[in-house]
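Mapping the sequence shown onto the numbering used here, position 187 (from 1) lands on 178, and the numbers just tick up by one.
The beta-carbon is built from N, C-alpha and C at its ideal position, and this holds for glycine as well.
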Amino acid sequence: MDIQNVLVIGAGTMGHGIAHVAASAGCRAWLYDVDAEVVASGLSKVKANLQKGVDRGKVTQDAMDAALANLAAAPTDLAEAAAEMDLVVEAVPERMELKQAIFGTLGAACPEHAILASNTSSLPITDIAQASGRPSRVIGMHFFNPVHLMKLLELVRTDETAEEVVAAAQAIGERFGKTCIVVKDSPGFATSRLGLVLGLEAIRMVEEGVASPQDIDTALELGYRHPMGPLKLTDLVGLDVRLGIAEHLANVLDDRRFHPPALLREMVAEGKLGKKSGQGFYDWS
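So, in structure tokens, the structure goes:
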């Protein structure tokens, strides 16, 4: 199918990044959020990131202008915003009841051909899909932060996801400049499960005084060719996000590997959430 109109629900870190790559790929992209100020901030961040690309010679001025021309704030009514979309990507906080409510609205409002996608990094796509009333049109599209720079897109299919939806998601992912992998709907998918085990172990090492965050990250970056260490990545993802995923996987898998370290809980309780709060394992102020 030919995807031209894309709605992104949630204008935070992931949402504005997804809107950025959609608009840059030539789609008409709309950014939706319940908070108009968050939408305005998201649009400004897209412009700023495009400008950085121009300044560094990675993006032409014409490409920046074209992307911004493709990008707009969505109507404030979600049903109205979704009424003519080919693809809707939900990127709201990791709360199942919130996502199910959104997909219930999308199921009633979107055209029959529309693909309904969730950017969740760990919640079951099957449970989200059932709320839409059209589970064959639902797929997980798990992007990575920062979306406009990271090349991976994890597609998560359920037992009911139609083959044409998987194919269309792969095609649009490639159009967005991503390399796609396809995984089945299982707790933590592939990336969150692998990344979380490494991140939690790195936090335990800090907790135990094995080494500093900087030295632990350097060990993975230089010793194993990771582009970024697990603690710096945790800061970028958000310690609160990592905590939520760990609690979810520890519960559904009944596995101690995913039990959150006390240090992670303490830092979140203190408001040390990583880059977005200015302080995490690193100082981002």
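Which two residues bound the contiguous alpha helix (DSSP H) that contains residue i?
i: SER112; result: Here SER112 belongs to no alpha helix (DSSP H), and DSSP marks it neither H nor E.
i: SER15; result: 4 to 15
i: ARG256; result: 253 to 260
i: VAL138; result: That residue, VAL138, is in no alpha helix (DSSP H); it is neither H nor E in DSSP.
i: ALA241; result: 230 to 244
Looking at the strands, I want to know which residues DSSP matches up with residue i.
i: HIS133; result: GLU145
i: ALA20; result: VAL(-3) and LEU62
i: GLN121; result: According to DSSP, which records beta bridges pairwise, GLN121 is partnered with nothing at all.
i: ASP206; result: None, per the DSSP bridge assignment.
i: ASP46; result: DSSP lists no partner for ASP46.
i: ASP56; result: DSSP lists no partner for ASP56.
i: GLN91; result: In DSSP, GLN91 forms no bridge with anything.
i: ASP274; result: GLN270
Quick check on DSSP: helix, strand or coil for residue i?
i: ASN61; result: coil
i: GLU75; result: coil
i: GLU199; result: coil
i: VAL83; result: coil
i: ASP150; result: coil
i: GLY265; result: strand
i: ASP26; result: coil
i: THR225; result: helix
i: GLU103; result: coil
i: PRO126; result: helix
i: GLY186; result: helix
i: ARG216; result: coil
i: PHE249; result: helix
i: GLY179; result: coil
i: THR96; result: helix
I need the boundaries of the beta strand (DSSP E) containing residue i, first residue and last residue.
i: VAL174; result: 170 to 175
Looking only at its chain, what residues have a beta carbon closer than 6 Å to the beta carbon of residue i, apart from the 5 residues adjacent to it on each side?
i: ARG153; result: The sequence shown places Ala at residue 153, not Arg. The residues are SER127.
i: PHE249; result: ALA237, LEU240 and ALA241
i: LYS266; result: ASP226, LEU227 and TRP275
i: PRO178; result: LEU240, VAL243 and LEU244
i: ALA2; result: LEU22, ASP24, VAL29, VAL30 and GLY33
i: MET141; result: PHE135
i: VAL129; result: LEU107, ALA120 and SER123
i: ALA13; result: VAL(-3) and ALA20
i: VAL157; result: ARG148
Please classify residue i as buried or exposed, where buried requires at least 16 neighbouring CB atoms within 10 angstroms.
i: GLY17; result: exposed
i: GLY235; result: buried
i: GLY8; result: buried
i: GLY124; result: exposed
i: GLU81; result: buried
i: PRO84; result: exposed
i: SER109; result: buried
i: LEU208; result: According to the sequence shown, residue 208 is Asp rather than Leu. ASP208 is buried by the Cβ-count criterion.
i: MET258; result: buried
I'd like the list of long-range same chain contacts for residue i, defined as Cβ closer than 8 Å, with 5 residues on each side in sequence excluded.
i: ALA70; result: THR96, ALA99 and ALA100
i: LEU255; result: LEU191, ILE194, LEU230, ARG233, LEU234 and ALA237
i: ALA187; result: Looking at the sequence shown, residue 187 is not Ala but Leu. Around LEU187: GLY179, ARG233, ILE236, ALA237, LEU240 and PHE249.
i: LYS90; result: GLU81, VAL83, SER109, THR111, LEU114, ILE119 and ALA122
Using a Cβ-Cβ cutoff of less than 7 Å, which residues in the same chain neighbour residue i once the five nearest sequence positions on both sides are dropped?
i: ALA65; result: LEU(-2), TRP21, LEU22, TYR23 and ALA72
i: ARG38; result: First, the amino acid is wrong: residue 38 is Lys here, not Arg. Once the five neighbours on either side are set aside, the close Cβ partners of LYS38 are LEU59.
i: ARG166; result: ALA16
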